[in-house]
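In our numbering, the protein residues as written are 825 to 1021.
Here's the structure we're looking at; comments come further down.
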Amino acid sequence: MNSEAAENSSVEKSPKCTFDPDRPWPWVSYEDPAWHLEAWEVMDHEDLADAAVRFAIRYLSGSTEGMSLCEAAAQVEGAAKRVVADVVAEARTQRYSWGRIAAHFGVGRTAVQKRFGKWPSPERVETLEDQYVRMGYFLTSAESNPDTHEDEYTARDIQDVRETRSRCIRRRRGHVINPLDRFHKVVTPRGEGDQPK
825 MNSEAAENSS
835 VEKSPKCTFD
845 PDRPWPWVSY
855 EDPAWHLEAW
865 EVMDHEDLAD
875 AAVRFAIRYL
885 SGSTEGMSLC
895 EAAAQVEGAA
905 KRVVADVVAE
915 ARTQRYSWGR
925 IAAHFGVGRT
935 AVQKRFGKWP
945 SPERVETLED
955 QYVRMGYFLT
965 SAESNPDTHE
975 DEYTARDIQD
985 VRETRSRCIR
995 RRRGHVINPL
1005 DRFHKVVTPR
1015 GEGDQPK
């Protein structure tokens, strides 16, 4: 047996597949429990992002009775659009320029400003305020039920919520939380041609 034949016999190669909607799904099913954040699947940022979205879809469909994966996927897509816009709006309050934000999205400054410039809408502001208020109710309930602190994960959640709400209160009072928030301009690193001589 020559070396090429030995290699072909010892290495299992994945068959090349083209998508055919009339045949069964030839890859790992999104209904399978294997699709969780595991070391074997995370190769780069894109893999990590895919894993996060898959986890969100499985979490939502598993936590809501009767919800299909397609319905959960649609809900996650809508949530991603809202949350991404929230992140951009927050970045603007931290003096990120539209050009800097646009660079992260791989589009022009005008396009990103047109997409996010009017966010958050009045309805979204109301939703975000409601989320903030509910954090307070959660903490009040946790303090009146000390038994909930016995579970390690619940205790950690309570601590995270307490610290998050504390930072939010301080920001509302005008306190600077992140030292970088003080800077109104983003200083970009010098290019090779700009090095002092």
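Just so it is clear, CB atoms sit at the ideal spot from N, CA and C, and this is done for glycine as well.
Just so you know, these numbers come straight off a predicted model, no measurement behind them.
Query                                                                                             : Result
Status (buried if at least 16 other CB within 10 Å, exposed otherwise) for R1023                  : Limits of the chain in this structure are 825 at one end and 1021 at the other, which puts residue 1023 out of reach.
Whole-Å CB distance - I881 paired with A896, under 8 Å assumed                                    : 5 Å
Pairwise C-alpha distance: R933 and I925                                                          : 8 Å
Three-way DSSP call (helix, strand, coil) for R919 in this model                                  : coil
Whole-angstrom C-beta distance between S885 and T893, which should lie under 8 Å                  : At residue 893 the sequence reads Leu, which differs from the Thr that was named. Rounded, the Cβ-Cβ distance is 5 Å, consistent with contact.
Close Cβ partners of L963 (< 8 Å) along its chain, the five nearest in sequence each way excluded : I982, V985, R986 and R989
Sequence-distant residues of its chain with Cβ nearer than 6 Å to R958 (five each side left out)  : none
Short Cβ contact (8 Å threshold) for R906 with R948                                               : yes
Run of the alpha helix (DSSP H) containing C992, from where it starts to where it stops           : E976 to R996
Endpoints, alpha helix (DSSP H) assigned at Y883                                                  : H869 to S887
Range of the contiguous alpha helix (DSSP H) that encloses G890                                   : It is not in any alpha helix (DSSP H) - G890 carries neither H nor E in the DSSP assignment.
Integer-rounded CB distance, given that P944 should sit under 8 Å from D910                       : 7 Å
DSSP three-state assignment for V835, whether helix, strand or coil                               : Since pLDDT at V835 reaches only 45, below the 50 mark, its modelled position is unreliable, and no value is offered.
Cα-Cα separation, A904 to E974                                                                    : 33 Å
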